[in-house]
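Protein chains in written order, with the working numbering: chain A, 1067 to 1306; chain B, 1067 to 1306.
Even for Gly, the Cβ is constructed at its ideal location relative to N, Cα and C.
Below is one structure; the comments refer to it alone.
The structure is reproduced here in structure tokens:
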């Protein structure tokens, strides 16, 4: 039995052919031909069983045979906002793993102690799309451009919002204990700082803006590990 | 104020000088000199405040000023047994992240569908030591050589033992639900299979040997992500 191949096609229901890179992959790598079955993922909650109707060297037209709406796998919105690490590969694996584990929104923060001030979002997006396909997620996480910390904390006003940091001077509660205690349907946002942590001024600004000050347990975690830990905690607290 | 530097020195209390690679790092990279303070970690539960007494180009002698026994950060033993991935970098990051999050024992399994049949343990050990230092863990996780699956499941008899897999034919319970329901002081072992999963025969053998059949939630996870997820679940269930 041939393994079913999955392709990421935004607006799959409105299109009739695979995007360029997916078409090249289908034809040149997988050597698929007209008549072959495949599965399309639109990243907006549906899979589609489809059949290839026409292939050329660079193009693949398809016809949808069946629409398969997917159930949500967790409750509420899981949102991680993180200051990207100096080394891109660390934040890239975090994006990959967080997508596998499952999140709805990934934002990048420009903080006082950030060593990385710019980020190529299309590169992260490519990794996230690949993880969405590999882990068969029905929804593509929303990615947002690097935002200055002060602007970011003013943007978000609904749901539960947390800032994880390492300052003993600002009282903290354990994130997972908090998540277990609140309604799992509500949206949740956790902010994780850069390698040198948030500045204490940033922590105080966030608390003033309504963020709850939290820790992630007793371990001393790198930025990217803290980000993934936060996503796992939100997942465990919000699974259906 | 100078940042305190941490060095990994097995049997630190019985030694009087840094191991070769740590000495080279102290002298050539950090340019430390006699009189400088540092912190030693023995990987067996203690930190030591120490002073350098003599440095040459390759050697560093020290004197311990204060012994600082560290508290355990979680209850019982956290043990992950995993079939290493085909690509070494994936299993290496898993070892790094699992060490940061915290585990006591990491074993490697040779399974029916394993694509990787050999593993250079010293390489993994080096990564784990680096993560122990970076995350200031008092205990060095025990690493064990690749073991054939059938031998491994016969070796372990105490505590709670789980096998995570994807076969719908073998009933599974959710790992995290199970972990929350049992006594957190008891030792816990979770087995994770290779990229192609355990064989169904392996799952049945494990269940016959007393392992509980579990899943890690609804997400389809890569081997290395499943390993890290299992460690995070054990951590969250066993934190002091």
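How long is the line joining the alpha carbons of residue i and residue j, rounded to whole angstroms?
i	j	result
residue 1081 of chain B	residue 1155 of chain A	38 Å
residue 1011 of chain A	residue 1180 of chain A	This structure gives no information on residue 1011 of chain A, because the portion of chain A shown stretches from 1067 to 1306.
residue 1088 of chain B	residue 1187 of chain B	20 Å
residue 1269 of chain B	residue 1260 of chain B	13 Å
residue 1308 of chain B	residue 1304 of chain B	Since the displayed chain B opens at 1067 and closes at 1306, residue 1308 of chain B lies outside it and no answer follows.
residue 1073 of chain B	residue 1202 of chain B	10 Å
residue 1118 of chain B	residue 1286 of chain A	26 Å
residue 1076 of chain A	residue 1092 of chain A	16 Å
residue 1200 of chain A	residue 1107 of chain A	11 Å
residue 1127 of chain B	residue 1193 of chain B	25 Å
residue 1241 of chain A	residue 1299 of chain B	14 Å
residue 1237 of chain A	residue 1190 of chain B	37 Å
residue 1125 of chain A	residue 1205 of chain A	25 Å
residue 1105 of chain B	residue 1112 of chain B	10 Å
residue 1170 of chain A	residue 1160 of chain A	14 Å
residue 1110 of chain B	residue 1257 of chain B	25 Å
residue 1208 of chain B	residue 1172 of chain B	6 Å
residue 1102 of chain B	residue 1090 of chain B	15 Å
residue 1098 of chain B	residue 1123 of chain B	11 Å
residue 1083 of chain B	residue 1136 of chain B	22 Å
residue 1150 of chain A	residue 1288 of chain A	11 Å
residue 1276 of chain B	residue 1301 of chain A	29 Å
residue 1234 of chain B	residue 1245 of chain B	21 Å
residue 1218 of chain B	residue 1175 of chain B	8 Å
residue 1249 of chain A	residue 1271 of chain B	41 Å
residue 1131 of chain B	residue 1139 of chain B	25 Å
residue 1100 of chain B	residue 1195 of chain B	25 Å
residue 1094 of chain A	residue 1116 of chain A	19 Å
For residue i, which residues in chain A fall below 9 Å Cβ to Cβ?
i	result
residue 1171 of chain B	Ordered by position in chain A, no residue passes the 9 Å Cβ test against residue 1171 of chain B, which lies about 17 Å from the chain.
residue 1139 of chain B	1283, 1284, 1285
State buried or exposed for residue i, treating a residue as buried only when at least 16 other CB atoms are found within 10 Å of its CB.
i	result
residue 1197 of chain A	buried
residue 1067 of chain A	Reliability fails at residue 1067 of chain A, whose pLDDT of 49 lies under 50, so the model's placement of it is uncertain and no value is given.
residue 1266 of chain B	exposed
residue 1069 of chain B	exposed
residue 1162 of chain A	buried
residue 1153 of chain A	exposed
residue 1214 of chain A	exposed
residue 1134 of chain B	exposed
residue 1274 of chain A	exposed
residue 1306 of chain B	exposed
residue 1184 of chain A	exposed
residue 1079 of chain A	exposed
residue 1243 of chain B	exposed
residue 1247 of chain A	exposed
residue 1086 of chain A	exposed
residue 1220 of chain B	exposed
residue 1114 of chain B	buried
residue 1297 of chain A	buried
Given that residue i touches chain B, what residues does it touch there, using C-beta distances under 7 Å?
i	result
residue 1166 of chain A	1285, 1287, 1288, 1291
residue 1163 of chain A	1291
residue 1202 of chain A	1286
residue 1127 of chain A	Within 7 Å Cβ-Cβ: nothing; residue 1127 of chain A doesn't reach chain B, min ~29 Å.
residue 1153 of chain A	Ordered by position in chain B, no residue passes the 7 Å Cβ test against residue 1153 of chain A, which lies about 12 Å from the chain.
So with CB distances below 8 Å, who are the chain B contacts of residue i?
i	result
residue 1196 of chain A	Here the premise fails: no neighbours, minimum Cβ distance about 11 Å.
residue 1305 of chain A	1283, 1284
Taking C-beta pairs closer than 8 Å, name the residues in chain A that residue i reaches, listed in chain order.
i	result
residue 1295 of chain B	1167, 1298
residue 1106 of chain B	Ordered by position in chain A, no residue passes the 8 Å Cβ test against residue 1106 of chain B, which lies about 17 Å from the chain.
Taking Cβ-Cβ distances shorter than 9 Å, what residues in chain B pair up with residue i?
i	result
residue 1045 of chain A	This structure cannot speak to residue 1045 of chain A, because chain A is shown only from 1067 to 1306.
residue 1099 of chain A	Here the premise fails: no neighbours, minimum Cβ distance about 26 Å.
Give me the chain A residues within the contact set of residue i, using Cβ-Cβ distance strictly less than 7 Å, ordered along the chain.
i	result
residue 1146 of chain B	None at all; the shortest Cβ gap to chain A is about 15 Å.
residue 1096 of chain B	Near residue 1096 of chain B there are no residues of chain A at all, since even the closest Cβ is about 18 Å away, more than 7 Å.
Does any residue of chain D have a CB that is nearer than 8 Å to the CB of residue i?
i	result
residue 1256 of chain A	In the displayed structure, chain D is absent; the protein chains listed are A and B.
Does at least one heavy atom of the ligand ZN sit under 7 Å from the Cβ of residue i?
i	result
residue 1208 of chain B	The model on display carries no ligand, and the ligand ZN is accordingly not part of it.
Using a Cβ-Cβ cutoff of 8 Å, what residues of the segment 1240-1271 of chain B are near chain A? List them in chain order.
From the segment 1240-1271 of chain B, only 1242 have a Cβ closer than 8 Å to chain A.
If contact is defined by three or more beta carbon pairs under 8 Å, each pair taking one atom from either stretch, is the segment 1215-1225 of chain A in contact with the segment 1251-1258 of chain A?
These segments touch.
Evaluate the contact criterion for the segment 1287-1295 of chain A versus the segment 1140-1155 of chain A: three or more CB pairs, one atom per stretch, below 8 Å.
Verdict: yes, contact present.
Within 9 Å of chain B by C-beta, residues of the segment 1207-1237 of chain A in sequence order
Listed in sequence order: no entries.
Counting Cβ pairs closer than 8 Å, one from the segment 1274-1286 of chain A and one from the segment 1229-1240 of chain A, do we hit at least three?
Yes, the segment 1274-1286 of chain A is in contact with the segment 1229-1240 of chain A.
Just by C-beta distance, which residues in the segment 1112-1123 of chain B are closer than 9 Å to chain A?
For chain A, none of the residues of the segment 1112-1123 of chain B brings a beta carbon within less than 9 Å of one of its beta carbons.
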